[in-house]
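> Numbering (the numbering used here), first residue to last: -9 to 176. All C-beta atoms in this analysis are idealised placements derived from N, C-alpha and C, irrespective of residue type, glycine included.
What follows is the structure in structure tokens.
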């Protein structure tokens, strides 16, 4: 049952969220609880009440003129370790490929220090922040990037969805807010 619910989220609009309408209130997302944030000072953050592939989930919504312009889905760190992170990432990529077609490109970034390490788990360099994988899709409406990386908090898979029509306005609005804050502090 849970598997079909999660799959339906991936097969509808990105994450099953209404991107088209203006929101007067913070949107309700099934299987997620509002955690913090508001539509004017981005992001609005939700914590998942269920896991996906055994991973905890979090969603962050970013708004421009009360419409969603960007969504960040964070999977992990609970439910992923240095032995299974690549396997789980490949499963996520398979879901994404089913919905958006085969990815456009994949990039791996490895720090030179990785060659000096001896490690028993494939994902240990990721946990240290020495290895990152990014996968990109480009549709008519969205730019999408999935990343596998680690930091001191653990290993994560992040998927960012950016609405191409709204991101330019979103960036201008964010820059204006920052400039206003800086001018008030001076």
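1) Suppose the cutoff is 8 Å on Cβ atoms and the five residues either side in sequence are ignored; what does the same chain contact list for residue 264 look like?
2) Whose C-alpha, out of 123, 50 and 152, is nearest the C-alpha of residue 78?
3) At what residues does the beta strand (DSSP E) containing residue 151 begin and finish?
4) Just curious, the beta strand (DSSP E) that residue 99 is in, first and last residue?
5) Which value, in whole angstroms, describes the spacing of the CA atoms of residue -5 and residue 27?
6) For residue 128, name the three-state secondary structure that DSSP assigns.
7) Give the straight-line distance between the Cα atoms of residue 115 and residue 67, rounded to the nearest whole angstrom.
8) For the candidate residues 98, 144 and 113, whose alpha-carbon lies nearest to that of residue 64?
9) In angstroms with no decimal places, state the Cα-to-Cα distance between residue 153 and residue 94.
10) Does DSSP put residue 73 in a helix, a strand or coil?
11) How about residue 138 and residue 147: are their beta carbons less than 7 Å apart?
12) Let me confirm a value: residue 70 is counted as buried when at least 16 other C-beta atoms fall within 10 Å, else exposed. Which label applies?
13) Please classify residue 3: does DSSP put it in a helix, a strand, or coil?
14) Use the C-beta contact count for residue 98: other C-beta atoms within 10 angstroms, 16 or more gives buried, fewer gives exposed.
15) Cutting at 7 Å between CB atoms, please list the residues of its own chain near residue 141, excluding the five before and the five after it.
16) DSSP state of residue 57, grouped into three classes?
According to the structure data:
1) Past the edges of the chain, shown from -9 to 176, lies residue 264, and the structure says nothing about it.
2) The option with the nearest alpha carbon to residue 78 is 123.
3) Per DSSP, residue 151 belongs to the beta strand (DSSP E) from 144 to 153.
4) 95 to 100 is the extent of the beta strand (DSSP E) around residue 99.
5) Model confidence at residue -5 stands at a pLDDT of 44, short of 50, so the residue's coordinates are unreliable; what they give is reported in the following sentence. Each residue's alpha carbon lies about 26 Å from the other.
6) Looking at residue 128 - three-state DSSP - the assignment turns out to be strand.
7) The straight-line gap from Cα to Cα measures roughly 15 Å.
8) 144 is the residue among 98, 144 and 113 whose C-alpha sits nearest the C-alpha of residue 64.
9) Their Cα atoms are separated by approximately 17 Å.
10) If DSSP states are grouped into helix, strand and coil, residue 73 belongs with coil.
11) Yes, these two residues count as a Cβ contact at 7 Å.
12) By the 16-neighbour rule on beta-carbons within 10 angstroms, residue 70 is buried.
13) Residue 3 falls in the coil class under three-state DSSP.
14) Within 10 angstroms of the beta-carbon of residue 98 lie fewer than 16 other beta-carbons, which makes it exposed.
15) Result list for residue 141: 119, in chain order.
16) Shown here, residue 57 sits in a strand according to DSSP, grouped into three states.
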